[in-house]
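K.L.:
Below are the structure tokens for one structure; questions will follow.
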Amino acid sequence: MSPRVSKRRPLVAQSEIRSMTLECARVSGVNLAQGVCDLPVPAPVIEGAEQAMRAGANIYTRFDGLPRLRRAIAAKQKHCTGMDLDPDGQIVVSCGATGAFYAACLALLDEGDEVLVFEPYYGYHVVTLASLGIKPVYVTLEPPGWGFTARDLERAVTAKTRALVLNTPSNPAGKVFDREELGIIADFAESHDLFVFTDEIYEHFVFDGKKHIAPATLPGMAGRTITISGVSKVFSVTGWRLGYALCDPQWALAIGHFSDLVYVCAPAPLQIGAARGLEELGPDYYQGVSDDHRIKRDRFCGALRSAGLTPYVPDGAYYTLADVTGLPGKTARERALYLLEKTGVACVPGSAFYSGPVGETLARFCFAKEMNVLEDAMQRLGRIS
Ligand code: PLP
Numbered sequence: 001m002s003p004r005v006s007k008r009r010p011l012v013a014q015s016e017i018r019s020m021t022l023e024c025a026r027v028s029g030v031n032l033a034q035g036v037c038d039l040p041v042p043a044p045v046i047e048g049a050e051q052a053m054r055a056g057a058n059i060y061t062r063f064d065g066l067p068r069l070r071r072a073i074a075a076k077q078k079h080c081t082g083m084d085l086d087p088d089g090q091i092v093v094s095c096g097a098t099g100a101f102y103a104a105c106l107a108l109l110d111e112g113d114e115v116l117v118f119e120p121y122y123g124y125h126v127v128t129l130a131s132l133g134i135k136p137v138y139v140t141l142e143p144p145g146w147g148f149t150a151r152d153l154e155r156a157v158t159a160k161t162r163a164l165v166l167n168t169p170s171n172p173a174g175k176v177f178d179r180e181e182l183g184i185i186a187d188f189a190e191s192h193d194l195f196v197f198t199d200e201i202y203e204h205f206v207f208d209g210k211k212h213i214a215p216a217t218l219p220g221m222a223g224r225t226i227t228i229s230g231v232s233k234v235f236s237v238t239g240w241r242l243g244y245a246l247c248d249p250q251w252a253l254a255i256g257h258f259s260d261l262v263y264v265c266a267p268a269p270l271q272i273g274a275a276r277g278l279e280e281l282g283p284d285y286y287q288g289v290s291d292d293h294r295i296k297r298d299r300f301c302g303a304l305r306s307a308g309l310t311p312y313v314p315d316g317a318y319y320t321l322a323d324v325t326g327l328p329g330k331t332a333r334e335r336a337l338y339l340l341e342k343t344g345v346a347c348v349p350g351s352a353f354y355s356g357p358v359g360e361t362l363a364r365f366c367f368a369k370e371m372n373v374l375e376d377a378m379q380r381l382g383r384i385s
């Protein structure tokens, strides 16, 4: 006899990303599977956190974050998206965008609810929902356009649908939802009275003149949208666990209380580091990081083409999906493993992002790496032909 673990356990078994990372370590390869950006952390962010620690900011903060950080988020949000937020009622600082999303799901959704999710999806969204007994219902986007229509949404909705999750710019497709698409979503959400959870963690990484539009700024959307974002990606501090949810005060308090229940508060001195970064870093900084990712995107997609793979060049974020059907193997995983054995470059099989067969044709590569790491990967890709 031994005690049994919860029925939820299989949902969080080994992810494809973790398993490819292990395979990569086995062959001492270059890991482009993990979405970790290893660029330097900006000086004000590091200095702000270090000084805060020395100055004694090491105790719990308010459950919804330090007022200084909430003010800095409101100012950045106003400047970058036009959203007008009350720092004392519409902003909940949590442990990463991941923590903010989890707290929002706990606060606003119930077991048995259905939630529409665009696929290719970000795995944490789907597993978070499933672990709470909420059914993800997929709206499938296919390469190369990743488009959808109002009919696609209508086909997926049922009487149990309570929300829609979108991610713009998206991981893994790099899709940047345009105004027309967001208009379709806004009309749909209004007609079915749905929440819209929008994960905008890659909001600053948008290329080729495309613009990030915050869905909450569309007419009628402010009251039903939970905007999720954070500083993990833009300040290269994924290990700091700092993110936030932005929404109408009536939802914010509930989200804050669940964030309190699970995390108590986000790390205090790191909140001050993030606040310093948001206060002191201007448009030049954000543009610089985005340009850096675009340059790497172009070089890396070029290398994929030279290796005989077809990249679907992303408009935003820092991943590219590529068609890998030219590689030996029947499944995306077999093809990704073949690529790893042959070249030492680790990617994520597309099946990690789709519920159906489309994913078996694809693989995801993260190009947010130091240039010498990316150069190494690009050179290795040459070994395939
Ligand atoms: N949301 C998306 C779409 C992501 O791709 C990631 C990380 O890969 C996260 C959230 C994680 O954000 P955080 O580190 O703030 O939890």
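Take the sequence shown: its letters are residues 1 to 385, numbered as in UniProt numbering. We put the beta carbon where it would ideally sit given N, CA and C, even for glycine. Remember, predicted model here, so these are calculated numbers, not experimental data.
Give the DSSP-derived three-state secondary structure of F205 in the structure shown.
P.N.:
Here F205 sits in coil by DSSP.
K.L.:
May I ask which residues mark the beginning and end of the alpha helix (DSSP H) holding G256?
P.N.:
From DSSP, the alpha helix (DSSP H) with G256 extends over 249 to 263.
K.L.:
Between the C-alpha atoms of C95 and F300, what's the straight-line distance to the nearest angstrom?
P.N.:
Answer to the nearest angstrom: the Cα atoms are 32 Å apart.
K.L.:
Taking only heavy atoms of ligand 1 into account, decide whether any of them is closer than 7 Å to the Cβ of G277.
P.N.:
Answer for G277: no, Cβ out of range of ligand 1.
K.L.:
Within 7 Å: the Cβ of G230 and any heavy atom of ligand 3?
P.N.:
What this structure holds is ligand 1, not ligand 3.
K.L.:
Using the three-state DSSP reduction, which class does G316 fall into: helix, strand or coil?
P.N.:
G316 falls in the strand class under three-state DSSP.
K.L.:
Applying the criterion that 16 or more other CB atoms from any shown protein chain within 10 Å of the CB defines a buried residue, is M22 buried or exposed?
P.N.:
Strictly speaking, residue 22 in this sequence is Leu, with Met absent from that position. Under this definition L22 is an exposed residue.
K.L.:
Tell me the rounded alpha-carbon separation between A43 and F235.
P.N.:
Their Cα atoms are separated by approximately 10 Å.
K.L.:
Could you name the residues that DSSP lists as bridge partners for C366?
P.N.:
C366 is bridged to Y319.
K.L.:
Please say whether R297 and F207 have beta carbons closer to each other than 8 Å?
P.N.:
Yes; because the gap between Cβ atoms is below 8 Å, this pair is in contact.
K.L.:
For A159, which three-state DSSP category applies?
P.N.:
Three-state result, A159: coil.
K.L.:
Quick test of your reading: D339 and L327, contact by CB under 8 Å. State the CB separation rounded to the nearest angstrom.
P.N.:
In the sequence on display, residue 339 carries Leu and not Asp. Rounded, the Cβ-Cβ distance is 6 Å, consistent with contact.
K.L.:
So if DSSP puts E114 in a beta bridge, which residue, or which two residues, is it bridged to?
P.N.:
DSSP output for E114 lists K135, T161 as bridge partner(s).
K.L.:
Between which two residues does the beta strand (DSSP E) holding L69 run?
P.N.:
Run containing L69: none in the beta strand (DSSP E); it sits in the alpha helix (DSSP H), 67 to 81.
K.L.:
Quick one: measure Cβ to Cβ for Y318 and P120, integer angstroms, because I've assumed they're closer than 8 Å.
P.N.:
The pair is not a contact, with the Cβ atoms about 15 Å apart (cut-off 8 Å).
K.L.:
Return the residue from the list V30, G282, F188 that minimises the CA-CA distance to W75.
P.N.:
For clarity, residue 75 is Ala in the given sequence; the question names Trp instead. Among V30, G282, F188, the Cα nearest to that of A75 is on G282.
K.L.:
What separation, rounded to the nearest whole angstrom, lies between the Cα atoms of L85 and S229?
P.N.:
The straight-line gap from Cα to Cα measures roughly 14 Å.
K.L.:
Could you check which residue in L261, R179, V139, W146 has the C-alpha nearest to that of T161?
P.N.:
For T161, the nearest C-alpha among the options comes from V139.
K.L.:
Under 8 Å between the Cβ atoms of I384 and A307?
P.N.:
For I384 and A307, yes; Cβs fall inside 8 Å.
K.L.:
Does T217 come out as helix, strand or coil in the three-state DSSP assignment?
P.N.:
T217 falls in the helix class under three-state DSSP.
K.L.:
On the three-state DSSP scale, how would you describe G288?
P.N.:
The answer is helix: DSSP assigns G288 an H, G or I state.
K.L.:
Taking the C-alpha atoms as reference points, what is the distance between V196 and L164?
P.N.:
Their backbone Cα atoms lie some 5 Å apart in a straight line.
K.L.:
What did DSSP end up calling I226 once you bin it into helix, strand or coil?
P.N.:
Reduced to three states, the DSSP call for I226 is strand.
K.L.:
Using a Cβ-based criterion (distance less than 7 Å to any ligand heavy atom), does T320 qualify as near ligand 1?
P.N.:
For ligand 1, not one heavy atom lies less than 7 Å from the Cβ of T320.
K.L.:
Measuring alpha carbon to alpha carbon, tell me which residue in K135, L362, S351, V127 is nearest G112.
P.N.:
Nearest of K135, L362, S351, V127 to G112, Cα basis: K135.
K.L.:
In whole angstroms, give me the CA-to-CA distance for G147 and A275.
P.N.:
The alpha-carbon atoms of G147 and A275 are separated by roughly 37 Å.
K.L.:
Under the criterion of a Cβ to heavy atom distance below 7 Å, does A43 qualify as lining ligand 1?
P.N.:
Result no, Cβ not under 7 Å from ligand 1.
K.L.:
Are there any heavy atoms of ligand 1 lying less than 7 Å away from the beta-carbon of G35, as far as the coordinates show?
P.N.:
Because some heavy atom of ligand 1 lies under 7 Å away, the Cβ of G35 counts as near it: yes.
K.L.:
So which of D284, A25, I201 has the shortest CA-CA distance to G174?
P.N.:
Taking only the C-alpha atoms, the option nearest G174 is I201.
K.L.:
Let me confirm a value: E341 is counted as buried when at least 16 other C-beta atoms fall within 10 Å, else exposed. Which label applies?
P.N.:
Label assigned to E341: exposed.
K.L.:
So if DSSP puts P349 in a beta bridge, which residue, or which two residues, is it bridged to?
P.N.:
BP columns for P349 point to A363.
K.L.:
Please find out if some non-hydrogen atom of ligand 1 comes closer than 7 Å to the beta-carbon of Y122.
P.N.:
Checking the Cβ of Y122 against ligand 1 gives yes.
K.L.:
Under 8 Å Cβ to Cβ from D315, same chain only, skipping five residues before and after it: list those, please.
P.N.:
Cβ within range, chain order: P169, G174, K175, V176, V206, F207, D208, K210.
K.L.:
I'd like the span of the alpha helix (DSSP H) that includes G19, first residue to last.
P.N.:
Reading off the sequence, residue 19 comes out as Ser, not Gly. From DSSP, the alpha helix (DSSP H) with S19 extends over 16 to 26.
K.L.:
Could you give the residue range of the beta strand (DSSP E) that holds S191?
P.N.:
Run containing S191: none in the beta strand (DSSP E); it sits in the alpha helix (DSSP H), 179 to 192.
K.L.:
What's the call for K7, buried or exposed, on a 16-neighbour Cβ count within 10 Å?
P.N.:
So K7 counts as exposed.
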